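In the working numbering, the protein residues as written are 3 to 130.
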């Protein structure tokens with residue numbers, strides 16, 4: 003059972019650490035890992051816009067720094083608590099680290115990655 007309220011709150015708290023002097027949009031991501039941990043990430047912008055990092059990407063780094071595992075559920079929020087959908091690249095990151103069954107908070111409620119990123123490309127598509 004996912005405590006979505008706690009996960010959303012963790013995402014808002016993570017957004018408070020965002021470095022966003024260019025867009026002004028603080029973004030936080032929070033996820034439940036298969037061992038029960040909650041991990042977070044925030045966006046980190048850069049004057050060379052293309053090298054900025056989304057919250058979901060820094061969260062994936064936190065996943066591996068803190069022991070690895072698989073993502074079970076993910077919520078993304080702005081610093082004011084507004085639900086934010088992961089961009090296409092971040093959906094790919096979530097799929098890579100959570101698979102088709104990982105739940106993502108969406109405007110119409112939590113949905114599995116199989117619906118959020120249908121026909122996703124992943125490790126199984128690479129040659130052995």
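All residues carry an ideal CB built from backbone N, CA and C; glycine is no exception. Please read all numbers here as calculations on a predicted model, not as lab measurements.
Quiz item: Exposed or buried, residue 96, counting other C-beta atoms within 10 Å across all chains shown (16 or more means buried)?
Solution: The sequence position of residue 96 within the chain shown is 94, counting from 1. Buried: at least 16 other Cβ atoms inside 10 Å.
Quiz item: Which residues in the same chain have their Cβ closer than 6 Å to the Cβ of residue 119, if we skip the five residues on either side of it in sequence?
Solution: Walking along the chain shown from the start, residue 119 turns up at place 117. Correct list, in chain order: 93, 97.
Exercise. Please report the residue range of the beta strand (DSSP E) in which residue 80 lies.
Key: Counted from its first residue, the chain shown places residue 80 at position 78. Segment 73-80, the beta strand (DSSP E) holding residue 80.
Quiz item: Can we say the stretch 26-46 touches the stretch 122-130, given the rule of at least three CB pairs closer than 8 Å?
Solution: no
Quiz prompt | Host alpha helix (DSSP H) of residue 118 (start-end) | solution = Here residue 118 refers to the residue found at position 116 of the chain shown. 115-118 is the span of the alpha helix (DSSP H), which, as asked, contains residue 118.
Practice problem: Look at the Cβ atom of residue 8, then the Cβ atom of residue 57, and state whether they are nearer than 8 Å. | Solution: The sequence position of residue 8 within the chain shown is 6, counting from 1. The sequence position of residue 57 within the chain shown is 55, counting from 1. Result no, Cβ atoms of residue 8 and residue 57 do not sit closer than 8 Å.
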